[in-house]
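Here's the structure, in structure tokens; my notes come after.
Residue numbers (UniProt numbering): 1 to 364.
Written as structure tokens, this is what we have:
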């Protein structure tokens, strides 16, 4: 089946894939926060959490590019992205500073609240455009992974930048109105190809690891699938050989695995997102808790470690999953879902009566 034939609507497996990826990040962080070696990372050169983050970026690149192509509106695109990221982010940052920080700081509360670092933390983490801050004064000073409050936010910085880059590329391409959509599609494919080549060259040259390289490639490879979805066939005859190649390369060397991983991960993700059906789709009756899990897990894990020194990786993971899922469910129903509904109503009520864009909107 063509990828374009299954991308309309929300009856897919993205919610399930994303929640599993978010829980994988949590599990991977349990090793890192206790300064324990992560088995998959030692074996393959890439950790479970890193694979999960790559899946997030591929899916994000695909879905937000598809949304932009469908909406044909930069304003609606930016509003959609902001309404998805910032409401929940605002709450987790405020809770981290004014509740979690106050509980776990070693400083007197007056000294803590008057410390300039907490306002620097607020500024950086509530914008993310110029990076994130990770430390609050006196908080988690005795944890094995000393001081970091929410290390997961580093990927959010890149996520926001990718959204901005994508919007800029759209705006620049549409300076040429009649050719804007064609130029945009070609630019996305060119960026994905160039980023993939650069990432491979960077890896095999032995240069110091730079996470931005890989994340840029993952995001724009997802975006490239969005603009080429009419040409992509989802087939078991491609999916299973790619899975076997991934498994086989993992037994050869880290270099072989990385090469196959870079080439195959996006296709494997989209096959799993759209082809398996039936009972597995019943998960969609639940909410999209993955973002809440992702942004709450790290501070929850650091809190559990501070409360239970010497805790094992397994118990840390179990306790953290329980607390984080509860917070994520509350975040979805009380904040994220209402914010998305408000955004939807705002866009519907402010639709222009006549589009000024000359490019026809392709179906998504």
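Where a beta carbon is used, it is the ideal one built from N, C-alpha and C, also for glycine.
Should residue i and residue j be called a contact, given that it needs their Cβ atoms to be closer than 8 Å?
i	j	result
residue 34	residue 316	yes
residue 49	residue 66	no
residue 195	residue 216	yes
residue 227	residue 188	yes
residue 320	residue 348	no
residue 143	residue 305	yes
residue 269	residue 63	no
residue 30	residue 313	yes
residue 134	residue 212	no
residue 267	residue 242	yes
residue 128	residue 92	no
Our contact map puts residue i next to residue j with C-beta atoms below 8 Å; I'd like the distance itself, whole angstroms only.
i	j	result
residue 222	residue 61	3 Å
residue 165	residue 57	No, residue 165 and residue 57 are not in contact; Cβ-Cβ is about 13 Å, not under 8 Å.
residue 254	residue 9	At roughly 39 Å, the Cβ-Cβ gap does not stay under 8 Å, so residue 254 and residue 9 are not in contact.
residue 206	residue 77	Between residue 77 and residue 206 the Cβ distance is about 39 Å, and since that is not below 8 Å, they are no contact.
residue 272	residue 15	About 12 Å; that fails the 8 Å criterion.
residue 203	residue 258	6 Å
residue 262	residue 199	7 Å
For residue i, I'd like the list of residues in its chain whose CB is within less than 7 Å of its CB, leaving aside the five on either flank, ordered along the chain.
i	result
residue 40	47, 48
residue 366	Beyond the ends of the chain as shown, which are 1 and 364, falls residue 366; an answer cannot be given.
residue 224	188, 189, 192
residue 74	167, 170, 171
residue 275	234
residue 36	313
residue 350	none
residue 323	300
residue 328	289, 292, 293, 296
Buried or exposed, going by whether 16 or more other CB atoms sit within 10 Å of the CB of residue i?
i	result
residue 125	buried
residue 210	exposed
residue 11	exposed
residue 72	buried
residue 353	Low local confidence applies: a pLDDT of 49 at residue 353 is under 50, so the model's placement there is unreliable, and no value is given.
residue 361	Its pLDDT being 36, under 50, residue 361 is placed unreliably in this model, and the value from its coordinates should be taken loosely. Residue 361 is exposed by the Cβ-count criterion.
residue 233	exposed
residue 121	buried
residue 363	In this prediction, residue 363 has a pLDDT of 34, which is less than 50 and means its spatial position is unreliable; what the coordinates show is noted afterwards. By the 10 Å Cβ count, residue 363 comes out exposed.
residue 5	exposed
residue 162	buried
residue 240	exposed
residue 342	exposed
residue 130	exposed
residue 277	exposed
residue 174	buried
residue 367	Nothing about residue 367 can be read from this structure; the chain reaches only from 1 to 364.
residue 7	buried
Return the chain-ordered list of same chain residues with a C-beta closer than 6 Å to the C-beta of residue i, the five sequence neighbours on each side being excluded.
i	result
residue 22	290, 293, 294
residue 356	Residue placement at residue 356 cannot be trusted, given a pLDDT of 34 that sits under 50; the coordinates are not used to answer.
residue 25	49, 52
residue 110	none
residue 105	112, 138, 139
residue 331	88, 292
For residue i and chain D, any beta-carbon pair shorter than 8 Å?
i	result
residue 196	Absent here is chain D; the protein component of the structure consists of one chain.
For residue i, which residues from the same chain have a beta carbon less than 8 Å from its beta carbon, with the 5 sequence-adjacent residues on both sides left out?
i	result
residue 118	97, 101, 112, 136, 137
residue 146	140
residue 59	14, 17, 18, 222, 269, 273
residue 79	343, 346, 347
residue 43	250
Just list the residues that DSSP pairs residue i with in beta bridges.
i	result
residue 139	105
residue 218	DSSP lists no partner for residue 218.
residue 233	2
residue 88	None, per the DSSP bridge assignment.
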